[in-house]
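Quick note: numbering that gives the first Met the number 0 has the sequence shown finishing at residue 124, numbered continuously throughout. By construction, the Cβ of each residue, glycine as well, lies at the ideal position given by its N, Cα and C atoms.
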Amino acid sequence: MKILLSFFLFVGVFASCEQLANEAEVTSVQLEQELDQIKNFIAKTNCSGSTDCRFIAFGSKACGGPQGYLLYSSGIDEEALKKMVAQYTAAEDKYNKANGIISDCSLPTPPSKMGCEDGKCIQTE
């Protein structure tokens with residue numbers, strides 16, 4: 000009986016360790032670094048006119064919905080950008096849940112007018 004109990008205890012410990020490793024905590028520093036990487040990726044591609052400008056929702060507010068919108072030029076690798084933003088959004092959602100983050104529950108408005116200034120997409124209203 001002791002051998003059987005020891006076996007189940009051994010298996011339980013390793014199973015819980017594996018679960019903890021898969022649920023690694025997300026830190027605010029990691030979120031900042033990921034967002035900086037996304038912004039740097041966007042900054043590498045220039046626009047030549049307002050018709051080149053697009054936007055993408057990013058982040059996860061505690062009440063739901065995006066944290067905001069990022070403007071970018073259509074010349075960017077959009078699939079890579081979408082992947083980076085999806086990863087960031089999932090990480091922020093995980094961070095919010097793990098840390099009991101609350102928010103004002105306001106939803107940011109998508110940009111309705113964009114322009115291209117000095118090769119960068121900007122919101123014009």
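- If you ignore the 5 residues before and after isoleucine 37, its C-beta comes within less than 8 Å of the C-beta of Phe57, Leu69, Leu80, Met83, Val84 and Tyr87, all in its own chain and listed in chain order.
- Distance from glycine 118 to serine 49 at the Cβ level is roughly 12 Å; contact not present, criterion being Cβ atoms closer than 8 Å.
- For the segment 33-67, the full-length beta strand (DSSP E) segments reaching 3 residues or more read 52-57 along the chain.
- The beta carbons of threonine 44 and isoleucine 75 sit closer together than 8 Å.
- Here alanine 61 is near isoleucine 100, since their CB atoms are less than 8 Å apart.
- Per the DSSP secondary-structure output, lysine 119 pairs in a beta bridge with Glu116.
- Annotation: lysine 93 to proline 65 spans about 14 Å, alpha carbon to alpha carbon.
- If you ignore the 5 residues before and after proline 109, its C-beta comes within less than 7 Å of the C-beta of Phe54 and Tyr68, all in its own chain and listed in chain order.
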